[in-house]
Amino acid sequence: MMLTDKVAVVTGASRGIGRAVALALAAQGADLVVAARSLLPLQELVTEIEALGRKALAVTADAAVTEDAQRLIASAVERFGRVDILINNAGITRDGLLLRMKDEDWDAVLDTNLKGAFLLSRAAAKLMSKQRSGRIINISSVVGMMGNPGQANYSASKAGLIGLTKSIARELARRGVTVNAIAPGFIETDMTRELSEKVRQELTAQIPLGRLGQAEDVAQAVVYLASDHAGYITGQVLGVNGGMYM
Ligand code: NAP
């Protein structure tokens, strides 16, 4: 067990990568606060985590709303007394070519993917600084480093997360808090399930390991960065992409 009795908050935990991350952290002994906008899948996840012998709390929260971010961290403190690990995973896409991209598509993606991570990191950092320990892990993306046509908003949000990660890693290091980003490649979740077979084949051809990733591939990287084994790693971006970007 790498995370016995640690308390972790995971946003976007209702499905996909966030769900896999929450279960992987619980399997390593952590208690969980799982958040998203929809309650039912979170309640099912809580039951699964409890079956692993850990405690869990479901909180509905919109990561992009300041009050929700503060309430989420406050709920974790009320239930567990501390927050050791924050995983900023909530994310959306609103794809479109630049010339056709609407202001609201830009704002929605930047608000959820980037502002959300800022709001939650700020709320958690206050606590972690007092604790003199903590781990913040931001789920960025390979397209934050490479760009991607049709994803100006999404790739800007994910590149922004890398800047956020490095800046707050420098700010919080003296307080014993590490901050890192994970940049997944193409992972099989609801976000990528709608890709056509043709696009899927083209993508796979660009991946040296010859397959799309699984949520579990990302979850295991999160477990490592959250653990004591990663105590001397901060301000880094860990690619989990099958080698598609080096
Ligand atoms: P997903 O299956 O679409 O899940 C997204 C999660 O985020 C859901 O739990 C969703 O729950 C939650 N969410 C969305 N907007 C939210 C908001 N405003 N506040 C709180 N929760 C919100 O996506 P995924 O593929 O697992 O992606 C997870 C993260 O990995 C995202 O940040 C994504 O950008 C990143 N990523 C994914 C891939 C990939 O290939 N799949 C690659 C690189 C990076 P509700 O709808 O219930 O709120």
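In my numbering, the protein residues as written are 354 to 599.
All residues carry an ideal CB built from backbone N, CA and C; glycine is no exception.
Keep in mind that this is a model prediction, so the values were computed, not measured.
- Per the C-alpha coordinates, the member of F539, A417 and V362 positioned closest to K408 is V362.
- If you check the C-beta of D415 against the ligand NAP, you find a heavy atom less than 7 Å away.
- Each residue's CA atom was taken as its position, placing N442 and S493 some 8 Å apart.
- Closest by C-alpha distance to R528, out of K479, T413 and G449, is K479.
- In the DSSP secondary-structure assignment, P537 is bridged to V593.
- Excluding its 5 nearest sequence neighbours in each direction, I560 has C-beta neighbours in its own chain below 6 Å: G595 and M597, listed in chain order.
- Annotation for V386: the continuous beta strand (DSSP E) segment containing it runs D384 to A389.
- Across the set R488, A512 and K483, the C-alpha of A512 shows the shortest separation from the C-alpha of M499.
- In the three-state scheme derived from DSSP, where H, G and I count as helix and E and B as strand, V418 is classed as coil.
- Less than 8 Å separates the beta-carbon of L395 from that of A389.
- At a threshold of 7 Å, P561 does not count as near the ligand NAP, since its beta carbon sits no closer than that to any of the ligand's heavy atoms.
- The secondary-structure analysis by DSSP pairs Q504 across a beta bridge with G449.
- At a cut-off of 7 Å, the beta-carbon of M599 does not count as near the ligand NAP: no heavy atom of the ligand is closer than that.
- Secondary structure note for V412: its beta strand (DSSP E) is the uninterrupted segment A409 to T413.
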